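Since the structure comes first, as structure tokens, the remarks are kept for the end.
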Amino acid sequence: MLSKKVKSRIFFLILLLISFAFVIFFVLKSLEKNVVYFLSPTDIYNTTNISFEKKIRVGGLVKMNSISKNGTSVNFIITDLKKEIVVSYNGIVPNLFSEGKGVVAEGKLKDKKYFIADKILAKHDENYMPPEVNKALEKSNN
Amino acid sequence: MFKNFFPNKIILLKNSVINSLIILLAVVIIVGLAYSLFISPPDYIQGDSVRIMYVHVPSSFIALACFGFIGTASICNLIFKIKFMPLLARSLAPIGCVFSLVSIVTGSFWGKPTWGTWWAWDARLTSMIILLLFYIAYILIWKFIDNFEKANKVSSIIGIIGLFNLPIIKYSVDWWNTLHQPSSITLTSAPSIHYTMLIPLIIMLFGMIIYSLIIFLMRYKTEVMKLKLNKKKNYK
């Protein structure tokens, strides 16, 4: 039904698409370190030759009851529920920064357990609900 | 259904169809805006800035969908050499371009109060910028290459390459750590967005799809008329 010309075009296009897909896959794979926006405490724990000079980002949840404020300096713990890292920061935190919520800290590692941040970003999760629903949820959880 | 988009059909498209679509658009957008700006509740963490989502999410959806159509049309165009495929794609490109810009700008406005930054080079945001660049490239090729056949070929290739970007945008939030949150609405699980916020979102999405459809029909009809007038000679 399809003419010979059309068939050869389909063949070439499919070949082209597959090779493109491979190229893109490998490019992204090799760039994975740069594509990832932040590392989790477990990633940092598992990396052997991590740089203490270069700026990196650490992300996870702010551990419950871990925020301690002293003037403008804030100390808290980022956890991914497996490993933890202590973060020290001096400056204004975003409004949505709070315990139990996602956070991304930008700065340098002092050692594998201690991070000095110069920028804090709050990470929002995919849950959207009105305040009353949240209250009701909390009530039923307790 | 698809036959209605054939050039000979589209040229008979009456203005009354467009006009009734515009009336429908006005009704849906007024209801959608009233619902999303006044009736729907604020979010439990974000407060009122959640209302930006009612524009942001539909714009992103349309930006991706338009490029999906452009890419598909480009494939059909290269394989089967259907004459009206480039016209379809050309009419869609500015719509998708504008909506991807709207998506990026509204996202930035949302990011400042929520994340604490206007912009972050994470995978979702970066791949969205790349989509915008693909749109711009696609439009510029048609603008600057005078020869119709040549522009048709080059733009189709851009359309096909850009197609690879779409799954990257969609799944970037699942494949890598990103600052952008994962999707709230997925095919496999219940939406993690409360129904009082989901309803205005769907109304707004519907309204913006109607808007895009109107612009598309008007542009596409014009493109077909231009083609018929110029008979492909030096068609621009």
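Read top to bottom, the protein sequences are chains A and B. Residue numbers for the first sequence follow this note's numbering, beginning at 1 and rising by one. Residue numbers for the second sequence follow this note's numbering, beginning at 1001 and rising by one. Positions of the beta carbon are idealized from the N, C-alpha and C atoms, including for glycine. Quantities reported herein were computed from a predicted structural model and do not represent experimental measurements.
Item: Per DSSP, the bridge partner or partners of A/Leu-89; Value: With the sequence shown as reference, residue 89 of chain A is identified as Tyr, and Leu is not the correct amino acid for it. DSSP lists A/Val-74, A/Ala-117 as partners of A/Tyr-89.
Item: Cutoff 9 angstroms: A/Lys-69 Cβ touching any chain B Cβ; Value: no
Item: Sufficient close CB pairs (3 or more, under 8 angstroms) joining the region 118-131 of chain A to the region 90-103 of chain A; Value: yes
Item: Cutoff 9 angstroms: B/Gly-1116 Cβ touching any chain A Cβ; Value: yes
Item: CB contact below 9 angstroms: B/Pro-1041 versus chain A; Value: yes
Item: Test: B/Ile-1193 CB closer than 9 angstroms to a CB of chain A; Value: yes
Item: Spatial neighbours of B/Tyr-1235 in its chain, beta-carbon cut-off 8 angstroms, leaving aside the 5 residues before and after; Value: Because the pLDDT of B/Tyr-1235 is 49, which lies under 50, any placement of that residue in the model is unreliable, and the number read from its coordinates should be weighed accordingly. The answer, listed in chain order, is Phe-1148, Lys-1226, Leu-1227.
Item: Where the alpha helix (DSSP H) through A/Asp-43 begins and ends; Value: 41-46
Item: C-alpha distance - B/Val-1098 paired with A/Ser-88, whole-angstrom precision; Value: 42 angstroms
Item: Closest residue to B/Ile-1210 among B/Lys-1014, B/Asn-1019, B/Ser-1108 (Cα-Cα distance); Value: B/Asn-1019
Item: Sequence-distant residues of the same chain with beta carbon closer than 8 angstroms to B/Met-1218, five excluded per side; Value: Ile-1018
Item: Cβ neighbour criterion (16 or more within 10 Å) applied to B/Tyr-1135; Value: buried
Item: Three-state secondary structure assigned by DSSP to A/Glu-53; Value: coil
Item: Nearest candidate by alpha-carbon position, reference A/Phe-76, set A/Asn-46, A/Ile-14, A/Lys-55, A/Ser-98; Value: A/Ser-98
Item: B/Gly-1068, enclosing alpha helix (DSSP H) - first and last residue; Value: 1053-1080
Item: Residues, ordered as in the chain, of the region 1053-1065 of chain B that lie near chain A by beta-carbon distance below 7 angstroms; Value: none
Item: Three-pair Cβ contact test at 8 angstroms for the region 97-113 of chain A versus the region 36-56 of chain A; Value: yes
Item: Rounded distance between the beta-carbons of B/Ser-1183 and B/Val-1173, thought under 8 angstroms; Value: 7 angstroms
Item: Chain-ordered neighbours of A/Glu-99 on chain B, where CB pairs are closer than 8 angstroms; Value: Ordered by position in chain B, no residue passes the 8 angstroms Cβ test against A/Glu-99, which lies about 12 angstroms from the chain.
Item: Segment limits, beta strand (DSSP E) that includes A/Gly-100; Value: Where A/Gly-100 is concerned, there is no enclosing beta strand (DSSP E), given that its DSSP letter is neither H nor E.
Item: Buried or exposed by the 16-neighbour rule on C-beta atoms within 10 Å, applied to B/Pro-1058; Value: buried
Item: Residue closest to B/Ile-1045, alpha-carbon to alpha-carbon, out of A/Lys-139, A/Glu-132, A/Ser-140, A/Asn-141; Value: A/Glu-132
Item: Rounded C-alpha distance that separates A/Ile-29 from B/Ser-1127; Value: It is Lys, not Ile, that sits at residue 29 of chain A in the sequence shown. When rounded, the distance between both Cα atoms is 15 angstroms.
Item: Run of the alpha helix (DSSP H) containing B/Ala-1137, from where it starts to where it stops; Value: 1123-1144
Item: is_contact[B/Asp-1048, chain A] using C-beta, thresh 9 angstroms; Value: no
Item: Exposed unless 16 or more other CB atoms sit within 10 angstroms - verdict on A/Ala-21; Value: exposed
Item: Short Cβ contact (9 angstroms threshold) for A/Phe-115 with A/Ile-67; Value: no
Item: Identity of the residue in B/Ser-1108, B/Asn-1165, B/Ala-1120 nearest B/Ile-1130 by Cα; Value: B/Asn-1165
Item: Simplified DSSP state of B/Ile-1011, which is helix, strand or coil; Value: coil
Item: First and last residue of the uninterrupted alpha helix (DSSP H) at B/Thr-1188; Value: B/Thr-1188 -> no alpha helix (DSSP H), and no H or E assigned at all.
Item: 9 angstroms Cβ cut-off: residues of chain A touching B/Tyr-1218; Value: One detail in the question is off: residue 1218 of chain B reads as Met in this sequence, not Tyr. Here the premise fails: no neighbours, minimum Cβ distance about 31 angstroms.
Item: Closest residue to B/Asn-948 among B/Asn-1230, B/Lys-1083, B/Ile-1214 (Cα-Cα distance); Value: Nothing in the structure corresponds to residue 948 of chain B, since chain B is present only between 1001 and 1236.
Item: Within chain B, partners of A/Leu-13 - CB distance below 9 angstroms; Value: Ile-1075, Leu-1078, Ile-1079, Ile-1160
Item: 9 angstroms Cβ cutoff, A/Val-35 in contact with chain B; Value: yes
Item: Test item: CB-CB of B/Phe-1206 and B/Ser-1091 under 9 angstroms; Value: no
Item: Delimiting residues of the alpha helix (DSSP H) encompassing A/Val-36; Value: That residue, A/Val-36, is in no alpha helix (DSSP H); it is neither H nor E in DSSP.
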